[in-house]
Structures are given as C-alpha cells and as structure tokens.
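So the structure is just underneath, and the comments pick up after that.
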Amino acid sequence: MNFNTCSFRVRYGETDQMGVVYHGKYADYLEVGRVEWLRALGVSYKTMEEDGVMLPVINLQILYKKSAKYDDLITVKTILRKVPGVRIIFDYEIYNENKELLVEASTTLVFMDKLKMKPIKCPSYILDKLRG
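Laid out in structure tokens, this is it:
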C-alpha cells in the first residue's frame with residue numbers, strides 16, 4: 248500500500264477570526280494522515296510505541312496553495328515515497344470537498360528505539376505488510 252486517504256471537517260477552533268485554518272494546524276492534519284496510513288496498513292501507532300518504537304518528525308515541508316475554511320470537508324492523501332529504512336518519507340496532498348488542492352507537503356520521520364533513543368531500522372512487521 249503506497250497511499251491512503253482520510254477525510255474530516257475543519258473545526259472552528261482550528262481557524263482564525265476570518266474562518267481560515269491557522270497555518271500551524273496543517274502539521275496536525277498531516278499527523279492524522281500518517282496515523283491513518285499506518286492503521287490502514289494494519290499497524291497501530293499506539294502498539295508500535297508500546298513495543299518501544301517511536302517515530303519523530305525530523306523534517307517538515309509545506310507548500311500552501313489555498314486556504315481551508317471552517318466546516319470544509321478536507322481530504323488528506325498520504326503517500327509513502329519509498330520503502331522505509333531508518334527513515335520513512337511521506338508526501339501529502341490536502342484537498343477540499345471541491346477537489347481543489349490546498350496543500351502539498353512532505354515529512355521525514357526516523358524510527359527510534361524508545362529506551363536507547365537511537366535510530367533503528369524500520370520494524371520487520373511494517374516491511375512485511377508493505378510487501379504483502
């Protein structure tokens with residue numbers, strides 16, 4: 248599985264007085280996309296952390312094209328760029344309900360051993376699901 252989509256409505260608290268989504272909220276939307284991508288793969292982020300694997304973001308790039316607004320139904324498309332090693336890279340596209348592209352983004356995350364706080368290779372159970 249190289250991509251997944253999820254949709255949700257923009258909440259009032261995510262917007263400014265003009266009803267436009269605050270720019271920092273898009274990072275939250277990308278996180279929702281990643282968690283749902285993992286869930287669709289059959290991996291629980293919570294279980295992964297309980298097993299001692301963390302996945303911190305080390306790079307975030309966002310290109311804003313058009314604003315999302317209060318109560319818009321937005322769709323986050325999360326795309327795995329390549330098979331992960333120590334790093335996993337996702338590309339994203341966020342659309343409104345009119346299929347207008349609002350944001351293009353990418354994140355790089357690193358698999359980390361929670362106890363040792365050292366980078367590790369992607370867990371085999373994730374790679375197996377990607378191959379399978």
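At position 28 of the sequence shown (counting the first as 1) the number is 275 in our numbering, and the numbers step up by one without a gap. Idealized CB from N, CA, C, for every residue including glycine.
Look at residue 338 and residue 353 and say whether their C-beta atoms are less than 8 angstroms apart. yes
What does the Cβ neighbour count give for residue 285, buried or exposed, with the cut at 16 atoms within 10 Å? buried
Residue 259 and residue 311 look like a contact to me (Cβ under 8 angstroms); what is the Cβ gap, rounded to whole Å? With 8 angstroms as the limit, residue 259 and residue 311 do not qualify as a contact, their Cβ atoms being about 20 angstroms apart.
Select from 319, 334, 347 and 355 the residue whose C-alpha is nearest the C-alpha of residue 277. The residue with the shortest Cα to Cα distance from residue 277 is 355.
Please say whether residue 321 and residue 292 have beta carbons closer to each other than 8 angstroms? no
What are the complete beta strand (DSSP E) segments, minimum 3 residues, inside the segment 264 to 338? 304 to 311 and 320 to 327
Could you spell out the range, first to last residue, of the beta strand (DSSP E) harbouring residue 348? 348 to 357
Might you give, ordered along the chain, the residues of its own chain that have their beta carbon closer than 7 angstroms to the beta carbon of residue 280, omitting 5 neighbours on each side? Answer for residue 280: 253, 323, 325 and 339, listed in chain order.
Inter-residue Cα distance where the pair is residue 262 and residue 351: 19 angstroms
Measuring CA to CA, which of 377, 274, 294 and 288 is closest to residue 306? 274
Going by beta-carbon coordinates alone, are residue 359 and residue 301 separated by less than 8 angstroms? yes
Short Cβ contact (8 angstroms threshold) for residue 290 with residue 373: yes
Considering Cα atoms alone, identify which of 319, 364 and 349 is closest to residue 255. 319
Among 282, 349, 287 and 377, which has the Cα closest to the Cα of residue 329? Distances from the alpha-carbon of residue 329 to those of 282, 349, 287 and 377 put 377 closest.
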